[in-house]
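Chemist:
Number of protein chains: 2
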Amino acid sequence: MAHRPRREMIAETRGKLLAAGRKAFGTIGYAEASMDDFTAEAGLTRGALYHHFGDKKGLFAAVVSEIDAEMTKRLEDVTAQAGDSWRGFVDGCAAYIEMAVEPEIQRIVHCDGPAVLGPSWLTTSQSGCIACMTDDISRLKAEGIVRDVDPEATARLLNGASLHAAQWIAGSDDPEGTSKKAVAAFRALLDGLRVEADEHVAPAVETAASYS
Amino acid sequence: MAHRPRREMIAETRGKLLAAGRKAFGTIGYAEASMDDFTAEAGLTRGALYHHFGDKKGLFAAVVSEIDAEMTKRLEDVTAQAGDSWRGFVDGCAAYIEMAVEPEIQRIVHCDGPAVLGPSWLTTSQSGCIACMTDDISRLKAEGIVRDVDPEATARLLNGASLHAAQWIAGSDDPEGTSKKAVAAFRALLDGLRVEADEHVAPAVETAASYS
DNA sequence: TTAATTGACATACGTAGCGTATGCAACTAA
DNA sequence: TTAGTTGCATACGCTACGTATGTCAATTAA
Chain A
1 MAHRPRREMI AETRGKLLAA GRKAFGTIGY AEASMDDFTA EAGLTRGALY HHFGDKKGLF
61 AAVVSEIDAE MTKRLEDVTA QAGDSWRGFV DGCAAYIEMA VEPEIQRIVH CDGPAVLGPS
121 WLTTSQSGCI ACMTDDISRL KAEGIVRDVD PEATARLLNG ASLHAAQWIA GSDDPEGTSK
181 KAVAAFRALL DGLRVEADEH VAPAVETAAS YS
Chain B
1 MAHRPRREMI AETRGKLLAA GRKAFGTIGY AEASMDDFTA EAGLTRGALY HHFGDKKGLF
61 AAVVSEIDAE MTKRLEDVTA QAGDSWRGFV DGCAAYIEMA VEPEIQRIVH CDGPAVLGPS
121 WLTTSQSGCI ACMTDDISRL KAEGIVRDVD PEATARLLNG ASLHAAQWIA GSDDPEGTSK
181 KAVAAFRALL DGLRVEADEH VAPAVETAAS YS
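So the sequences go chain by chain: A and B. First residue of the first sequence? That's 1 in full-length UniProt numbering, and the numbers climb one at a time after it. First residue of the second sequence? That's 1 in full-length UniProt numbering, and the numbers climb one at a time after it.
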C-alpha cells in the first residue's frame, strides 16, 4: 500500500513546499522567512526546495503566481456576477481593493513582490488583473458608457489607485472609516470617466457627502 | 589646520555613509548591497555605519527620508511655479510621475522601501507628497474647481495612480509612447474631478485621441 | 600643560542562512 | 537483474550581518 502514487507524492511535496512558503512569506515576510525553518515545518528540507524551485526566489515566484491566479479568478467571478456592465466594473474595483487589504496578499504580492522579483516584474505581473480590467474598460467604451480613454492605461491607473487605497485602509487605525472614505473617493474618480454623468453625479455627491 | 572641524568631520562621515548607501541601494537594491562593500567604497567600515545609523535598515530609512524630502521640495516648487492653481495641481501630478520614473527613486522609495521598512510604513510615509497633494485638492475644492471629494482620500488615490503609471512607463520598452498614453489617461481622470468639465472636455479628448 | 573622559570609528569574532556538491534510496527500463 | 534516472537529504563552504571590544583623537577639568 501507499505504493502506487509516485506522481502524487511528488505533487504533494511541491504542494507542501508551496503552502509552507506561502504561509511564511505571508506572515513574517520574504526576508525573515528562513528556508530551513519553513521546510522543516513541512516535514522536508531545503534539498527538496532547491530540487523543485531552484532557489528561494523561485519558490516565491511560484507562490506569487499562485496567488495572482486566485485573484484573477475572484475578480472575474465578481465582474461576471453583476448584471450591469458598469456595475460589474465598479464591483470588480471594489473587490480588488478588498483583496489588497488581506494581509497575505498585501505582504506577498504588493509589498515583497516588487522588491524580490525586481521592479520590471511589476509591469508584466498583475497581468491577470490588469488584463481583466482592461477588457472591462474596452467593453464599457464600446458600449458608450465611458469616455474615449486608453483602456490599458486607465486600467493601470485605476489599479494603482485601488492598491494605494487598500494600503491606506490596511495601515489605518480606523479601517472601517478609512474604507468608506476611500471607496467614496474611488467612485467619484470612476464617475468622472463616464460620458454623461447626469444621472450619476447625484448619488456620487450623496455618498461623498455621507462621511463629512 | 584641519583642526577645528570636529563637528564637521562627523557630519562628513555621516554624509559619506548616506551617499554611499544611497548609491548602492539605488543601483543594485537593498538586498544586494553589502555593507562591507559600500562603506569601504566610502573609505570607512561597518563600524561607522553602526555607530551612526544603528543597522542597515537605519541607514536605509535615513536615505529614504532624505529622498522623500527632496521629492517634496521639488513638488512644492513645481506647484508654486504655475500661476493657475488647477494647472499647478496637474503639473504637480505630472512631476510626481516623472520623479517616480527615475531609477533611484523607483528602486529605493517605491520598490525596496515598503519591503524593507514594512507595510505599515507605506501609510505614514510619502507623507510629504501626500500632504502636498492633499493641500492642493483642498484649495481647489474651496475655489470651487473640483467636486466635493475627500481631499486626502483623493490625494492617495491619485498618488497611487501616478505611481503605477510611473512603474508602467519605467518598465515599458517604449517609455516615450507609454508616457504619453499614461499622462493622457491621467489627465482624463483628473478632468473627471472638475465640477464643470465643459471647457476642458475638448482638450482632454483631443490629447486622448492623439495617440490612437 | 597634563590627566581624565568622552565619543568616533576600526577590528575581531560569532552566527545565521543561502547555495552547491555529494550521497542515497526508490522507481523505471532493458 | 542490473543500469540509469529521479526525488530528496546531508554535508560543506561562503557571504554578510550584528555585537563586543579596542584604539586613538578631541574635548574638558584641574
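Virtual Cβ for every residue (Gly too), placed ideally from N, Cα, C. All of these numbers come straight from a predicted model, not from anything done at the bench.
Whose Cβ in chain B lies nearer than 7 Å to the Cβ of A:ARG107?
Modeler: Neighbours of A:ARG107 on chain B, chain order: PRO119.
Chemist: Roughly how many whole angstroms lie between the Cα atoms of B:THR27 and B:ALA33?
Modeler: 9 Å
Chemist: Of the residues that make up the segment 138 to 150 of chain B, which ones have a beta carbon closer than 7 Å to any beta carbon in chain A?
Modeler: ARG147, ASP148, VAL149 and ASP150
Chemist: Could you spell out the range, first to last residue, of the alpha helix (DSSP H) harbouring B:PHE166?
Modeler: Checking the sequence, you will find Ala at residue 166 of chain B rather than Phe. Counting along the chain, the alpha helix (DSSP H) containing B:ALA166 begins and ends at 151 to 171.
Chemist: B:ALA208: buried (16+ other C-beta within 10 angstroms of its C-beta) or exposed?
Modeler: Low local confidence applies: a pLDDT of 35 at B:ALA208 is under 50, so the model's placement there is unreliable, and no value is given.
Chemist: Does A:VAL195 pass the burial test, meaning 16 or more other C-beta atoms within 10 Å, or should it be called exposed?
Modeler: exposed
Chemist: Out of A:LYS23, A:SER179 and A:CYS129, point me to the one whose CA is closest to A:PHE38's CA.
Modeler: A:LYS23
Chemist: Look up B:ARG147 in the DSSP assignment and say whether it is helix, strand or coil.
Modeler: Coil, per DSSP.
Chemist: What residues from chain B crowd round A:HIS51, counting only those whose CB sits closer than 8 Å?
Modeler: The contacting residues do not exist; A:HIS51 stays about 24 Å from chain B at best.
Chemist: If you measure from the beta carbon of A:LYS73 to each beta carbon in chain B, is any gap under 8 Å?
Modeler: Not closer than 8 Å to any Cβ of chain B, the Cβ of A:LYS73 fails to qualify, so no.
Chemist: Using a cut-off of 8 Å between C-beta atoms, extract the partners of A:LYS181 located in chain B.
Modeler: One finds ASP150, GLU152 and ALA153 in chain B with Cβ atoms closer than 8 Å to the Cβ of A:LYS181, taken in chain order.
Chemist: Given this structure, state the Cα-to-Cα distance separating A:ILE137 from A:ALA20, to the nearest angstrom.
Modeler: 37 Å
Chemist: Cutting at 7 Å between CB atoms, please list the residues of its own chain near B:GLY15, excluding the five before and the five after it.
Modeler: Around B:GLY15: no qualifying Cβ.
Chemist: With a threshold of 8 Å between beta carbons, is B:ALA95 in contact with chain A?
Modeler: Using a Cβ-Cβ cut-off of 8 Å, B:ALA95 does not count as an interface residue toward chain A, since no Cβ of chain A sits closer than that to its own.
Chemist: How many Å lie between B:HIS3 and B:GLU12 at the Cα?
Modeler: Caution applies to B:HIS3, whose pLDDT of 49 falls short of 50 and renders its modelled position unreliable; the value that the coordinates give is listed next. Those two C-alpha atoms are separated by around 14 Å.
Chemist: Starting from B:CYS111, find everything on chain A with Cβ-Cβ shorter than 9 Å and list it in chain order.
Modeler: The answer, in chain order, is PRO114, ALA115, GLY118, PRO119 and LEU122.
Chemist: Compare the beta carbon distance of A:LEU49 and A:LEU59 with 8 Å and say whether it is the shorter of the two.
Modeler: Yes, these two residues count as a Cβ contact at 8 Å.
Chemist: Under a CB-based cut-off of 8 Å, is A:PHE60 close to chain B?
Modeler: no
Chemist: Taking C-beta to C-beta, are A:SER162 and B:THR123 nearer than 8 Å?
Modeler: No, Cβ-Cβ distance for A:SER162 and B:THR123 is not below 8 Å.
Chemist: Considering just the uninterrupted stretch of the alpha helix (DSSP H) at A:GLU41, what are its terminal residues?
Modeler: 35 to 41
Chemist: So the alpha helix (DSSP H) A:PRO5 belongs to, where does it begin and stop?
Modeler: That residue, A:PRO5, is in no alpha helix (DSSP H); it is neither H nor E in DSSP.
Chemist: Can you pull the chain A residues whose beta carbon is under 7 Å from the beta carbon of B:TRP168, in chain order?
Modeler: THR123 and ARG156
Chemist: Comparing alpha-carbon positions, which option in A:GLU66, A:GLU104, A:CYS132 and A:THR134 lies nearest A:ALA166?
Modeler: A:GLU104
Chemist: State the Cα-Cα distance for the pair B:GLY54 and A:ASP150, rounded to the nearest angstrom.
Modeler: 48 Å
Chemist: Can you confirm whether the segment 179 to 192 of chain B touches the segment 183 to 194 of chain A when touching is taken to mean that 3 or more C-beta pairs between the two stretches lie within less than 8 Å?
Modeler: yes
Chemist: Decide yes or no for the touch test of the segment 79 to 91 of chain B against the segment 140 to 157 of chain B: beta carbon pairs closer than 8 Å, at least 3 of them.
Modeler: yes
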